[in-house]
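Engineer: As numbered in this note's numbering, residues 2 to 508 make up the sequence shown, in order. This is the structure I have questions about; it appears just below.
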Amino acid sequence: MASEEAFDPEQPANSSLSRVAKKSSSGEIDSAREPLLTGGPHCESYSVKAAILPFLFPALGGFLYGYDIGATSGATISLESSTLSGTTWYNLSSVEVGLVVSGSLYGALIGSVLAFTVADFLGRKRELIVSSVLYLVGALLTAMAPNFAVMVIGRFLYGIGIGLAMHAAPMYIAETAASQIRGTLISLKEFFIVLGMLFGYIASSLYVDLVSGWRYMYASSAPIALIMGIGMLWLPSSPRWLLLCAIEGRVRLQDVRETAIHCLCRLRGHANESLASAQVEEILDELSYVNEEKRATFAEIFQGKCLKALIIGAGLVFFQQITGQPSVLYYAASILKSAGFSAASDATRVSVLLGLLKLIMTGVAVLAVDRLGRRPLLLGGVSGIAISLFLLASYYTLLKSTPVLAVIALLLYVGCYQLSFGPIGWLMISEIFPLRYRGRGLSIAVLVNFASNALVTFAFSPLEVLLGTGILFAVFGVIALLSLIFIFFIIPETKGLTLEEIEAKIL
Numbered sequence: 002m003a004s005e006e007a008f009d010p011e012q013p014a015n016s017s018l019s020r021v022a023k024k025s026s027s028g029e030i031d032s033a034r035e036p037l038l039t040g041g042p043h044c045e046s047y048s049v050k051a052a053i054l055p056f057l058f059p060a061l062g063g064f065l066y067g068y069d070i071g072a073t074s075g076a077t078i079s080l081e082s083s084t085l086s087g088t089t090w091y092n093l094s095s096v097e098v099g100l101v102v103s104g105s106l107y108g109a110l111i112g113s114v115l116a117f118t119v120a121d122f123l124g125r126k127r128e129l130i131v132s133s134v135l136y137l138v139g140a141l142l143t144a145m146a147p148n149f150a151v152m153v154i155g156r157f158l159y160g161i162g163i164g165l166a167m168h169a170a171p172m173y174i175a176e177t178a179a180s181q182i183r184g185t186l187i188s189l190k191e192f193f194i195v196l197g198m199l200f201g202y203i204a205s206s207l208y209v210d211l212v213s214g215w216r217y218m219y220a221s222s223a224p225i226a227l228i229m230g231i232g233m234l235w236l237p238s239s240p241r242w243l244l245l246c247a248i249e250g251r252v253r254l255q256d257v258r259e260t261a262i263h264c265l266c267r268l269r270g271h272a273n274e275s276l277a278s279a280q281v282e283e284i285l286d287e288l289s290y291v292n293e294e295k296r297a298t299f300a301e302i303f304q305g306k307c308l309k310a311l312i313i314g315a316g317l318v319f320f321q322q323i324t325g326q327p328s329v330l331y332y333a334a335s336i337l338k339s340a341g342f343s344a345a346s347d348a349t350r351v352s353v354l355l356g357l358l359k360l361i362m363t364g365v366a367v368l369a370v371d372r373l374g375r376r377p378l379l380l381g382g383v384s385g386i387a388i389s390l391f392l393l394a395s396y397y398t399l400l401k402s403t404p405v406l407a408v409i410a411l412l413l414y415v416g417c418y419q420l421s422f423g424p425i426g427w428l429m430i431s432e433i434f435p436l437r438y439r440g441r442g443l444s445i446a447v448l449v450n451f452a453s454n455a456l457v458t459f460a461f462s463p464l465e466v467l468l469g470t471g472i473l474f475a476v477f478g479v480i481a482l483l484s485l486i487f488i489f490f491i492i493p494e495t496k497g498l499t500l501e502e503i504e505a506k507i508l
């Protein structure tokens with residue numbers, strides 16, 4: 002098995018070999034890159050069967066993130082119950098409940114910052130292994146917590162795992178998948194997040210009436226974390242990360258070239274090493290052409306190509322959150338209840354209903370993203386989000402006697418979000434950054450995602466009191482219109498392009 006442990010990225014290396022290789026092939030670089038710059042979409046040979054596991058195990062990191070969101074909705078109900086908590090410390094203050102609910106979010110922010118410093122050193126594979134360990138330890142510590150302080154520590158550790166996993170998983174999938182299915186697979190990762198939410202809601206429904214049910218809710222994620230960690234140990238490293246280490250002089254090129262070819266053969270599912278070797282040479286030529294011999298400095302992340310990628314990626318996930326996604330779902334139960342839905346009397350059942358809708362619409366996005374492209378889904382979906390937000394604003398200000406309008410707006414919002422911002426946001430940040438800056442650039446984008454989520458979550462209540470619910474939804478609607486302008490003028494189409502072609506043609 003080829004793995005990142007096959008060599009030491011910090012080992013002093015004779016980087017002149019990579020420079021010699023580059024110079025000896027300098028006459029071929031321009032000709033090799035000519036199709037990259039002017040030709041049509043590049044097709045890569047791959048096996049669907051071989052692509053399943055390199056997607057599945059990283060995607061479990063997204064599943065565990067979604068599961069935590071779903072399970073926590075029921076865990077707080079169980080934890081605060083005097084009869085069902087099973088603890089002597091069930092009488093929690095609002096601040097303590099906030100720490101339970103948002104502890105993983107705070108941890109995710111920490112994990113995003115950590116990813117900035119350790120991602121390129123660890124590599125995509127080992128970062129996912131570390132995140133699986135944090136998931137496992139965090140889940141067990143939370144589930145078996147003898148007191149509130151230990152529980153919060155467990156929530157923070159689990160959250161750090163979320164931050165690392167949501168950083169490394171899209172990178173690993175993007176760098177190992179063939180260009181023809183890259184969009185589908187990364188969108189499927191969003192499908193796994195939603196699937197995790199649904200399983201979390203179901204677990205809440207199953208355990209919420211049991212004594213210490215919250216312990217079972219959190220403990221149920223531990224076996225998935227274990228499977229994720231074992232799977233990532235078995236998977237090969239990202240060939241692109243291996244070659245980047247060689248180009249930057251952290252390892253000798255001859256030590257890593259054969260390892261990268263072997264990894265690519267496993268990932269593509271073919272025994273023909275000549276095809277893998279040709280792609281490795283293409284990646285090396287691209288890295289040499291764009292002068293990636295030096296390791297990226299902090300200042301360079303905010304210059305040139307990476308700055309453009311940051312504007313695209315971080316801007317998209319910023320709008321993903323500040324269009325009010327956490328706040329709309331906050332009102333889901335009350336909206337359905339006002340419309341007379343019997344399931345609305347039980348918050349966990351309402352969550353399952355919305356989870357099913359999110360799952361279905363994410364499935365539609367998965368099927369469409371590599372056929373229609375990223376921009377059509379974003380433009381169409383965000384247009385629907387804007388309409389739904391203005392409908393919600395109308396309901397809360399003028400039309401409270403027509404709750405069916407609010408239900409339609411809610412379902413429209415959830416469906417359109419899962420067609421657009423939900424999957425496409427994670428897809429774009431995973432593929433838009435140049436390889437040299439991808440680890441740090443994506444960590445900034447993930448940090449922006451979690452930070453803007455926290456901003457909306459904490460600012461919503463005081464803004465609701467200040468402005469009123471209807472006006473606040475109208476403000477979110479205006480922000481959605483601004484995000485449409487941003488998407489139309491800034492977001493490029495990357496359908497069918499390899500990661501190297503995206504860097505050459507778009508950035």
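All C-beta atoms, glycine included, are put in the ideal place defined by N, C-alpha and C. If you're wondering where the values come from, they're calculated on a predicted model, not measured in any experiment.
Any idea if GLU192 is buried or exposed, counting beta-carbon neighbours within 10 angstroms, 16 or more meaning buried?
Structural biologist: In the sequence under discussion, the amino acid at residue 192 is Phe, which differs from the Glu named in the question. So PHE192 counts as buried.
Engineer: At the level of alpha carbons, what is the spacing between ARG258 and GLN322?
Structural biologist: Cα-Cα distance, rounded: 41 Å.
Engineer: Taking just the CA atoms, how far does VAL318 sit from ALA146?
Structural biologist: Cα to Cα, the separation comes out at about 34 Å.
Engineer: What distance in whole Å lies between the Cβ atoms of LEU199 and VAL353, which are believed to be in contact at a cut-off of 8 Å?
Structural biologist: That pair is a contact at about 7 Å.
Engineer: In whole angstroms, what separates the C-alpha of ALA277 from that of TYR47?
Structural biologist: Using only the alpha carbons, I get a separation of about 10 Å.
Engineer: Using three-state DSSP, classify ARG1 as helix, strand or coil.
Structural biologist: Past the boundaries of the shown model lies residue 1; the chain is included only from 2 to 508, so the question cannot be answered.
Engineer: Which term fits SER95, buried or exposed, when burial requires 16 or more other beta carbons within 10 angstroms of its beta carbon?
Structural biologist: Its Cβ having fewer than 16 others within 10 Å, SER95 is exposed.
Engineer: Please report the distance separating the alpha-carbon of ILE445 from that of PHE391.
Structural biologist: Answer to the nearest angstrom: the Cα atoms are 31 Å apart.
Engineer: In the DSSP assignment, the alpha helix (DSSP H) including SER453 goes from what residue to what residue?
Structural biologist: Per DSSP, SER453 belongs to the alpha helix (DSSP H) from 436-468.
Engineer: Mind checking whether ALA230 and TYR66 have CB atoms under 9 Å apart?
Structural biologist: The question names Ala, but residue 230 is Gly in the sequence shown. Contact: no.
Engineer: Any idea if LEU368 is buried or exposed, counting beta-carbon neighbours within 10 angstroms, 16 or more meaning buried?
Structural biologist: Its Cβ having fewer than 16 others within 10 Å, LEU368 is exposed.
Engineer: With a cut-off of 8 Å, do at least 3 Cβ pairs link the stretch 146-161 to the stretch 239-251?
Structural biologist: Cβ pair count under 8 Å is below three, so no.
Engineer: Taking only the alpha-carbon atoms, compute the straight-line gap between GLU494 and GLY160 and give it to the nearest angstrom.
Structural biologist: Whole-angstrom Cα-Cα distance: 32 Å.
Engineer: For LEU380, tell me which candidate among SER105, ALA220, ALA120 and PHE422 has the shortest Cα-Cα distance.
Structural biologist: Cα-wise, what sits closest to LEU380 is PHE422.
Engineer: Should PHE320 and ALA178 be called a contact, given that it needs their Cβ atoms to be closer than 9 Å?
Structural biologist: Result no, Cβ atoms of PHE320 and ALA178 do not sit closer than 9 Å.
Engineer: Buried or exposed: where does LEU468 fall if 16 or more other Cβ atoms within 10 Å of its Cβ makes it buried?
Structural biologist: Exposed is the call here.
Engineer: Excluding five sequence neighbours on each side, which residues of the same chain lie with their C-beta closer than 6 Å to the C-beta of VAL138?
Structural biologist: So the list reads LEU158, once near-sequence residues are dropped.
Engineer: Counting beta carbon pairs with one atom in the stretch 117-131 and one in the stretch 165-184, are three or more of them shorter than 8 Å?
Structural biologist: A contact exists between the stretch 165-184 and the stretch 117-131.
Engineer: Where do the N-terminal and C-terminal ends of the alpha helix (DSSP H) with THR177 fall, by residue?
Structural biologist: 149-177 is the span of the alpha helix (DSSP H), which, as asked, contains THR177.
Engineer: CB-CB under 6 Å to ILE480, same chain, minus the five flanking residues each way: which ones, in chain order?
Structural biologist: Excluding positions up to five away in sequence, the list reads ILE323 and THR324.
Engineer: Alpha carbon to alpha carbon, what distance is there between ASN450 and GLY184?
Structural biologist: Answer to the nearest angstrom: the Cα atoms are 20 Å apart.
Engineer: What first and last residue would you give for the alpha helix (DSSP H) that runs through SER431?
Structural biologist: Segment 422-432, the alpha helix (DSSP H) holding SER431.
Engineer: Can you grab the Cα-Cα spacing for the pair THR118 / TYR397, in whole Å?
Structural biologist: Rounded to the nearest angstrom, the two C-alpha atoms are 45 Å apart.
Engineer: Measure the C-alpha to C-alpha separation of ILE313 and GLY71 and round it to an integer number of angstroms.
Structural biologist: Near 30 Å, if we compare the C-alpha coordinates of GLY71 and ILE313.
Engineer: Looking at the secondary structure, which residues open and close the alpha helix (DSSP H) in which LEU393 lies?
Structural biologist: Unbroken alpha helix (DSSP H) run through LEU393: 375-398.
Engineer: Counting only the same chain and skipping the five closest in sequence on each side, list residues whose C-beta sits under 8 Å from that of VAL102.
Structural biologist: The residues are THR73 and THR77.
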